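Step one of this worksheet: look at the structure below.
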Amino acid sequence: MNIKSGNFTEFDRFKEVIKDWSLDFNILSKGDFKAYFKLFTSDWFLLAHEKLTGIIEHCGTSPIGFRTMVIPVNRDNEFIWFNKKVNGSDLLIFPKNNDIDVVTYDGLDVYLLSIEENLLYKIINDLNLKNCRNLFKDSEKEVFLSEAYALKFSKMVVYFLNNATTVSVKKCKNDSKFLMYSLLKYIETSVEKSHSLIKKSSSLTLLKAIDIIKKDRGMLLSIPDLCEQVRISERSLYNAFKEKYNVSPADFIKSIRLNKVREELYNNNKQVSISDIAGKYQFWHMGQFATDFKKQFGVLPSEVMKRKSD
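Each position in the sequence shown, counted from 1, maps to that position plus 85 in this note's numbering.
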């Protein structure tokens, strides 16, 4: 059993703390990164409180061997969940294959609870939770989260995270069971919600466009060329990106390139120069590149390399 927590202004330090989640983050908004994260880990149960600023794309997988749920703290939260618009009244269940496809906006505040898969199904069977059995089958699900239960659950989480490392292992296991039982019993009696996809035709086109952008590494990909490849007008492409990411296609492409540079700088160990890595992603003017990088992440490229070596 272990607890990690902290307020983070360094994106890469934050990624190290959440390594149980195989996530690829792309920061799409400009400005200093800020996050709060408190995580309890054990063999049977993971519980986290996460707060994030900015527009961030989350791709990857939730913890393998666990089934994960998202319980919003802030009912004003709105974000994109598997191409569906959801909010603070939605309790979310990740799919069985653990895939993550989420875009969060400024002010995200959620709890993440993961239960070891065999334990989850044992609890469901022991309590004969028929609705839960169906909800945890395959694809992602959304159920209604009442304000009353959200408040009750929040109080339980705060108590658990504040006391988990100060009580006996037996007490900690019992407290975690209480949390799991409470949440699953609530889900059993709640109502499944049905959210429509962001315009289905534009969703498919958007997926193709994003795939091209990420495979291309943003190598001077022009918007007209991208539109031609995915067979969509520039206006329709712009609207699709704004609806999901709240940024334009051009800003998205530039953000992806900057995020890739940052990742390589952090993992570089000073074996390759900053200019060589920047040039790989078509940033040739080092002065402008440094300015754009700092606007995006709040730090200079040289600071990212320095922090890795510290």
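Glycine included, each C-beta is placed from N, C-alpha and C at the ideal position.
Here the structure is a predicted model, which means the values were calculated and not measured.
For residue i versus residue j, is the C-beta distance shorter than 8 Å?
i	j	result
I362	L269	no
L214	M154	no
I297	L311	yes
F118	G364	no
L113	Y330	yes
Y366	K345	yes
L124	I88	yes
S340	N111	yes
L132	L246	yes
E135	V187	no
I283	E328	yes
F122	G91	yes
L230	I156	yes
Around the C-beta of residue i, are 16 or more other C-beta atoms found within 10 angstroms, so that it is buried, or is it exposed?
i	result
E313	exposed
Q381	buried
K104	exposed
T251	exposed
T138	buried
P309	exposed
W369	exposed
L212	exposed
D97	buried
S387	exposed
V315	buried
V254	exposed
T238	It is worth fixing the name first, because residue 238 is Phe in this sequence and not Thr. With 16 or more other Cβ atoms within 10 Å, it is buried.
K222	exposed
K169	buried
A235	buried
A233	exposed
N162	buried
Helix, strand or coil for residue i, going by three-state DSSP, please let me know.
i	result
K347	With the sequence shown as reference, residue 347 is identified as Arg, and Lys is not the correct amino acid for it. Helix.
K119	coil
N324	helix
S90	strand
Y190	coil
E135	strand
E225	coil
P479	Look at the range of the chain in this structure, 86 to 395, and you will see that residue 479 is not part of it.
L385	coil
N111	strand
T251	coil
G145	strand
S197	Rather than Ser, the amino acid found at residue 197 in this sequence is Leu. In this structure, L197 counts as strand in the three-state DSSP scheme.
D128	coil
K170	strand
R316	coil
E95	coil
I283	coil
Y306	A small correction: the amino acid at residue 306 is Leu; Tyr does not occupy that position in the sequence shown. Coil, per DSSP.
I209	helix
I185	strand
Nearest by alpha-carbon distance to residue i: which of the options is it?
i	options	result
S275	G91, S174, V195, Y196	S174
C217	V195, K123, Y271, N87	Y271
N159	F167, P148, T189, H143	T189
F164	I141, F263, E232	I141
N183	P148, S360, K170, S281	P148
Y261	T126, K300, T94, D186	Before going further, note that residue 261 is Ser rather than Tyr in the sequence given. Measuring from the Cα of S261, the nearest candidate turns out to be T126.
D128	E201, Y234, L291, E348	E201
K207	K181, Y266, V171, A235	Y266
V171	R342, K278, Y351, E273	K278
P180	K100, S224, N203	S224
F99	Y351, L292, K293	Y351
In whole angstroms, give me the CA-to-CA distance for residue i and residue j.
i	j	result
K256	A249	8 Å
L220	M86	29 Å
F130	V243	16 Å
T376	S360	14 Å
K115	Q373	15 Å
F337	Y323	10 Å
H280	S321	22 Å
G150	V389	33 Å
K226	L205	16 Å
T290	L193	27 Å
W356	W166	Here residue 356 is Gln; the residue named in the question, Trp, does not match the sequence. So the two alpha carbons sit approximately 38 Å from each other.
D191	M241	25 Å
V228	E273	10 Å
K258	N203	16 Å
L306	L343	14 Å
M371	R152	45 Å
I185	S358	33 Å
Can we count residue i as close to the ligand GDP, meaning its CB is less than 7 Å from some heavy atom?
i	result
V171	Only the bare structure without any ligand can be found here, which leaves the ligand GDP out of the picture.
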